[in-house]
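In order, the protein sequence lines correspond to chains A and B. With my numbering, letter number 19 in the first sequence gets 50, and the count goes up by one each step, no holes. With my numbering, letter number 104 in the second sequence gets 135, and the count goes up by one each step, no holes. All residues carry an ideal CB built from backbone N, CA and C; glycine is no exception. Quick caveat, the model's predicted, so the values are computed rather than measured. The structure appears right after this line, and notes come after that.
There are 2 protein chains.
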Amino acid sequence: MLVKEARDVRPQPVHDEGAANVRMAVLIGPDEGAPNFVMRRIELDAQGHTPYHSHPWEHVVFVLEGLGVLRGEKGDLPLSPGDSAFVPPGEVHQFVAAEESPLTFLCTIPKR
Amino acid sequence: MLVKEARDVRPQPVHDEGAANVRMAVLIGPDEGAPNFVMRRIELDAQGHTPYHSHPWEHVVFVLEGLGVLRGEKGDLPLSPGDSAFVPPGEVHQFVAAEESPLTFLCTIPKR
Numbered sequence: 032m033l034v035k036e037a038r039d040v041r042p043q044p045v046h047d048e049g050a051a052n053v054r055m056a057v058l059i060g061p062d063e064g065a066p067n068f069v070m071r072r073i074e075l076d077a078q079g080h081t082p083y084h085s086h087p088w089e090h091v092v093f094v095l096e097g098l099g100v101l102r103g104e105k106g107d108l109p110l111s112p113g114d115s116a117f118v119p120p121g122e123v124h125q126f127v128a129a130e131e132s133p134l135t136f137l138c139t140i141p142k143r
Numbered sequence: 032m033l034v035k036e037a038r039d040v041r042p043q044p045v046h047d048e049g050a051a052n053v054r055m056a057v058l059i060g061p062d063e064g065a066p067n068f069v070m071r072r073i074e075l076d077a078q079g080h081t082p083y084h085s086h087p088w089e090h091v092v093f094v095l096e097g098l099g100v101l102r103g104e105k106g107d108l109p110l111s112p113g114d115s116a117f118v119p120p121g122e123v124h125q126f127v128a129a130e131e132s133p134l135t136f137l138c139t140i141p142k143r
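This is how it looks when you write it as structure tokens:
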């Protein structure tokens, strides 16, 4: 077993097409020996966003700090600290920070 | 996709043998359509603890609030907010809240 201290986590900029002002750190994944899934910490600056896209794996999400929305084909769902969220495989989605607030969340995906 | 608001989560007491002053809520799991894993929110009162046990599935953990330790065969690893942790399948472990602080964490497991 292992514990990774918060201060040892260094999020790195995400340069994926369609992403703006996003940083990510893998907290627990293959490097830590996790056999099935990968837990990442994702930080958006105010007005930052992930790509509006879909992929064949799901997202299991927990909001840590800040405000924003989870955007999909049917509109926006608001996100606040303590909220959890689920994006099914194949569904178009985007995380968008609020105009004047950053947004930080955990996003767990299956190991690929 | 869905968002489950923090205020709609109602942790329930855990009465497993070896558990003391533990409550748990499933945040995202089969009921939300998650195909691969289950994210739970676990709350220990001060001095509360989960069972000292092992099982053939892993834990992927993120500490939300409070203080405590992750106990294993080699001793205790301290836990503070923002820390993440990994317990491999088959390894004996126990989560223990501090003497004077509760401990709240997310614990994700594979769907069984």
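Query, Result
"Cβ of A:Thr139 less than 8 Å from any chain B Cβ?", "yes"
"Using a beta-carbon distance cut-off of less than 8 Å, what residues from the segment 111-127 of chain B approach chain A?", "Ser111, Pro112, Gly113, Asp114, Ser115, Ala116, Phe117, Val118, Pro119, Pro120, Glu122, His124"
"Straight-line CA distance for B:Asp106 to A:His80?", "One detail in the question is off: residue 106 of chain B reads as Gly in this sequence, not Asp. Rounded to whole angstroms, B:Gly106 to A:His80 spans 42 Å at the Cα level."
"Which parts of the segment 99-132 of chain B are runs of the beta strand (DSSP E), unbroken and 3 residues or longer, counting only runs that do not cross its ends?", "99-103, 106-110, 115-118, 125-128"
"With a threshold of 16 other CB atoms inside 10 Å of the CB of B:Gly99, please say whether the residue is buried or exposed.", "buried"
"Measuring straight from C-alpha to C-alpha, what distance separates B:Glu131 and B:Leu75?", "11 Å"
"Identify the contact partners of B:Ala37 in chain A, using a Cβ-Cβ distance below 9 Å as the criterion.", "Val94, Ser111, Pro112, Gly113, Asp114, Ser115"
"Please list, in chain order, all residues of the same chain as B:Ala41 whose beta carbon is under 8 Å from its beta carbon, the five residues on each side excluded.", "According to the sequence provided, residue 41 of chain B is Arg. The question's Ala does not apply to it. These residues qualify, in order along the chain: Ala56."
"Counting pairs of beta carbons, one from the segment 115-128 of chain B and one from the segment 60-73 of chain A, are three or more of them closer than 8 Å?", "yes"
"Any beta-carbon of chain B closer than 8 Å to the one on A:Pro42?", "no"
"Going by DSSP, which residues form a beta bridge with A:Pro44?", "A:Arg54"
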